[in-house]
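Residue numbers (the working numbering): 888 to 1038.
To keep things clear, I will list the structure first and then write my remarks on it.
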């Protein structure tokens, strides 16, 4: 198939609609916990990259300190996160999920994972290899440092 025969406008639209559907799955659960999308994004990335510093988390989320401060404090107060001293640099802290935070993240993520597994099966790509390759190439545009840290 040549590049001219690919309908990139349709693919772009499908990408946006797919993201909406993907996000809605988690958004419904997030609402049940009384937290915002920023809270969710914090939990999501700290779960997958334990030990991020606050500055690294700011970079990953691509938000300001001001936008991070309140949700971060709320998650610390709920005891879903814990901030530990950074042994390499005493001026910063590393962020981890608590057992409760891991449980919340797992509950929210499970619905998305199940939907993803189903779609991979339906499209004849049970491992999601093609999808992973496409997403990896997009993600590389933001830098590979964090991609390699995802657990």
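Where a beta carbon is used, it is the ideal one built from N, C-alpha and C, also for glycine.
- Around residue 947, the same chain offers 932, 936, 939 and 1033 as residues with beta carbons nearer than 8 Å, after the five sequence neighbours per side are excluded.
- With contacts defined by Cβ atoms closer than 8 Å, residue 930 and residue 988 form a contacting pair.
- Between residue 981 and residue 971, the C-beta gap is smaller than 8 Å, which places the two residues in contact.
- Residue 940 has 981 as its beta-bridge partners, per DSSP.
- If you look at residue 971, you'll find it in the beta strand (DSSP E) that goes 968-972.
- Its chain contains 995 as the residues whose beta carbon lies nearer than 6 Å to that of residue 916, once the 5 sequence neighbours on both sides are disregarded; these appear in chain order.
- For the pair residue 1035 and residue 1025, the Cα-to-Cα distance works out to about 14 Å.
- One thing to note: residue 955 has its Cβ no nearer than 8 Å to the Cβ of residue 968.
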